[in-house]
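In what follows, a single structure is set out as structure tokens and then discussed.
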Amino acid sequence: MTSTLRAMAAAAASVALVFTLAACAGGGDEPTSTPTASGEASASITTQTACDGDEGVTLVVDATALEGGEPQEQCLLTEEAVVAGEAFTIAGVETEGTEEYGDQVVCRVEGLPAEDEAIAAEDGSDYFETCQAMPAAFAYWSVWVRTAGGEWGYAQEGLSTLQVEPGDAVGLLFTLHGEPAAPTS
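According to the working numbering, the sequence shown holds residues 1 to 185 in order.
Right, here's the structure in full:
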């Protein structure tokens, strides 16, 4: 009986989270709010700008190594720690994991690289990202974290478990043949 109640409570919480994220995934220049269970706003998005100090978590997406990729910066205004994957979802940034590793390995961000996009491999052949397993070592998305006042460093875990605090920044960087080697913002 207790396990049934726990399962029902977990399912209800999951449904509530899905509705909250769906309601907040809008874009545009107007800030949006993420309501909490009590109805108070706990997070909002300011687009095209980094956070000022510890007002929230800065979200960076850099796909400039790919044709048509542009850098993006947003601020998730929050006073509490947030899971990086949820922060990107609230900001309307679509990420896709791999079949083998799920969302612990980022395969595509905002549809890039497209499955039909030929990426020149080091040997001159064309590589196509299928999101089956680990991406190629010469063409991949990486997750980066910069703690408040610190330097950028590789994240030690995936988007679904990485916790970021107000004042921190989290970045998704596409690297092609070693460039760029780290986020620049």
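Just so you know, even glycine gets a beta-carbon here, dropped at the ideal spot from N, CA and C. Computed from a prediction, not measured in an experiment: that's the story for all the values here.
DSSP links Ser-142 through a beta bridge to Leu-173.
Contact check for Glu-96 and Glu-115: beta-carbon distance about 10 Å, past the 8 Å limit, so the pair fails to qualify. Per DSSP, Thr-58 is not a residue of any alpha helix (DSSP H); the beta strand (DSSP E) it occupies stretches across 56-62.
Ala-84 and Gln-156 have their C-alpha atoms roughly 12 Å apart.
Inter-residue distance for Tyr-154 and Thr-49 is about 22 Å (C-alpha atoms, whole angstroms). In this structure, Val-105 lies away from Val-61, with their beta-carbon atoms at least 8 Å apart. Of the candidates Phe-88, Asp-123, Glu-67 and Glu-70, the residue whose Cα lies closest to the Cα of Val-164 is Phe-88. In the DSSP secondary-structure assignment, Thr-95 is bridged to Val-109.
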